[in-house]
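First up is the structure itself, then whatever we jot down about it.
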């Protein structure tokens, strides 16, 4: 029995989603290992007990939450063939993603201004862990921003409509995952 073109496309779409899930699960495992090492390291004598998260990290978390809403709006808009709203939502998500990165660097500066360093002889294990985990998250976010730029390009080339939303769906899945991951990491650092 032969597959129809639509069945073939549906299987292909499911394969792409499954690959994305495998990638996201591997990222969760990596961050689980790092946060586990963080927990084990808190028993060290040189661990900072009074370290506070910088205010810029709080603001960046709020910005990232808003970016999830704009990405979701882009997906719902393209499903309704509302190209203008999709464009605005995708560009808004890109702007919020860039603002998140800027706020992350401001947070690093706030940590340094408080007298803590990430590397070198004046660094400590607490801020080094924070630095590694935040930079790894930002590297994954860079991948998300790159994917978003490709989505925006493809959207302007009119590759998406109410019957072809896979690219935006995959982008939204990954973006929401990165947002959720950052919120978990932020809450972990804030309360642990």
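Residue numbers (our numbering): 204 to 395. Note that beta-carbon positions come from the ideal geometry of N, C-alpha and C, so glycine has one too.
- In this structure, the straight-line span from the alpha carbon of residue 260 to that of residue 344 is close to 15 Å.
- The criterion of a C-beta distance shorter than 7 Å is not satisfied by residue 374 and residue 388.
- Using a Cβ-Cβ distance cut-off of 8 Å, the region 291-300 and the region 243-256 are not in contact, since fewer than three pairs of beta carbons, one from each stretch, lie closer than that value.
- Taking a contact as a CB-CB distance under 8 Å, the pair residue 293 and residue 317 does not count as one, their CB atoms being some 37 Å apart.
- The alpha-carbon of residue 271 is positioned some 15 Å away from that of residue 304.
- Under the DSSP assignment, residue 319 falls outside any alpha helix (DSSP H); it carries neither an H nor an E label.
- Under the three-state reduction of DSSP, residue 217 is assigned to helix.
- Burial is judged here by how many other beta carbons sit within 10 angstroms of a residue's own beta carbon; residue 322 has fewer than 16 and is exposed.
- Counting only runs that start and end inside the region 248-296, the alpha helix (DSSP H) elements of at least 4 residues fall at 258-282.
- Where residue 331 is concerned, the enclosing alpha helix (DSSP H) starts and stops at 328-359.
- By the beta-carbon neighbour count (other beta carbons within 10 angstroms, threshold 16), residue 236 is exposed.
- With a cut-off of 8 Å on Cβ pairs, the region 322-341 is in contact with the region 225-240, counting three or more such pairs.
- For residue 372, the enclosing alpha helix (DSSP H) covers residues 369-394.
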